[in-house]
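>
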Amino acid sequence: MRTATKLVVRPMRLSDVPQVIEVERESFPTMWPPTAFKRELQQNRLARYIVVVEHDPSRRPAISGDPPPHEPHRGLGRLFGEIRHLLGSDDDEGKQPLPPPEERPELVVGFIGVLMMVDEAHIVTLAVRGSHRRRGIGELLVISAIEMAQRAGQGLVTLECRVSNEPALALYEKYGFQQVGLRPRYYSDNHEDAYVLTVSSVMTRRYQTLLEERRAEHARRWGDFPVEVT
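If you want this note's numbering, it's the 1-based position in the sequence shown plus 26.
1. As a quick exercise: from Gly249, Val255, Met174 and Glu129, pick the residue whose alpha carbon is nearest that of Met142.
2. To which residues of the same chain is Gly91 closer than 6 Å at the C-beta, ignoring the five residues directly before and after it?
3. Which of helix, strand or coil does DSSP assign to Arg247?
4. Would DSSP call Gln204 helix, strand or coil?
5. Taking 7 Å as the cut-off, decide whether the C-beta atoms of Val134 and Asp42 are in contact.
6. Please report how far the alpha carbon of Glu239 lies from the alpha carbon of Ala220, in whole angstroms.
7. If contacts are defined as beta-carbon pairs under 8 Å, then Val225 and Ser170 qualify, I think. What distance do you get, rounded to the angstrom?
8. Confirm, please, whether the CB-CB distance from Leu33 to Phe251 is below 7 Å.
9. Taking 7 Å as the cut-off, decide whether the C-beta atoms of Phe137 and Val79 are in contact.
10. Should His158 go down as buried or exposed, given a rule of 16 or more other Cβ atoms within 10 Å for buried?
11. Indicate whether Val228 and Ile172 have their beta-carbon atoms separated by less than 7 Å.
12. What are the uninterrupted segments assigned as alpha helix (DSSP H) that are 4 or more residues long and contained completely in the region 153 to 226, given in chain order?
13. Ile47 to Pro126, Cα distance in whole Å?
14. Quick check on Val43: does DSSP put it in helix, strand or coil?
Here it is as structure tokens:
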């Protein structure tokens with residue numbers, strides 16, 4: 027990684043949506059319908075989305091003389107557009123042409139979504155760009171989500187996780203999550219079960235000390251990144 031590159035953790039913006047859709051599609055290719063991120067940001071008062079963005083000012087989009095993408099049949103396009111509207115999909119955003127990742131001064135490399143309920147923070151999604159996995163970005167997003175819950179006074183953090191996803195389960199265990207239930211056939215793509223994971227003590231001094239230790243360990247290994255989430 028070049029020295030000019032840096033990572034920043036911040037709230038998701040509308041301008042991030044095309045890249046976030048790109049990361050979601052890469053991470054969950056069988057997911058349907060895709061998440062309606064624009065609607066989530068604009069209309070869902072409970073939703074909070076955090077992104078990790080890689081900044082590299084040396085990147086410059088290349089000037090391309092390629093023709094625009096082929097326009098689909100208007101009748102079918104209108105029909106599919108109406109279906110996407112009914113499903114609340116941001117698919118049109120995902121179809122907007124993006125420069126290659128290596129040409130983007132700001133590259134979204136991961137995101138996490140949290141629903142801030144009355145008495146709990148529920149993590150609903152987490153994804154990291156394939157080229158940036160095993161660099162501590164998923165862990166950084168988990169830390170940021172827990173810290174956001176703490177600032178909101180939410181003592182309980184919950185999520186679902188595939189029973190086969192051993193790396194994710196190990197990460198969540200590291201941050202005090204415990205298995206409290208099972209949702210049979212929870213995932214629609216292959217009907218895999220999901221564990222219900224909970225950590226119910228994030229507001230206690232003991233847990234705050236644990237989180238501070240884990241964050242310090244992460245910073246020593248991966249670097250200390252600016253966090254702009256409030």
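Virtual Cβ for every residue (Gly too), placed ideally from N, Cα, C.
Reading from the atomic positions:
1. Met174
2. Residue confidence is low: Gly91 scores 43 on pLDDT, short of 50, so the model does not pin down where it sits. Its coordinate-derived value is still stated next. Nothing listed; no residue qualifies.
3. helix
4. strand
5. yes
6. 29 Å
7. 15 Å between Cβ atoms; not a contact.
8. yes
9. no
10. buried
11. yes
12. 163 to 177 and 192 to 200
13. 15 Å
14. helix
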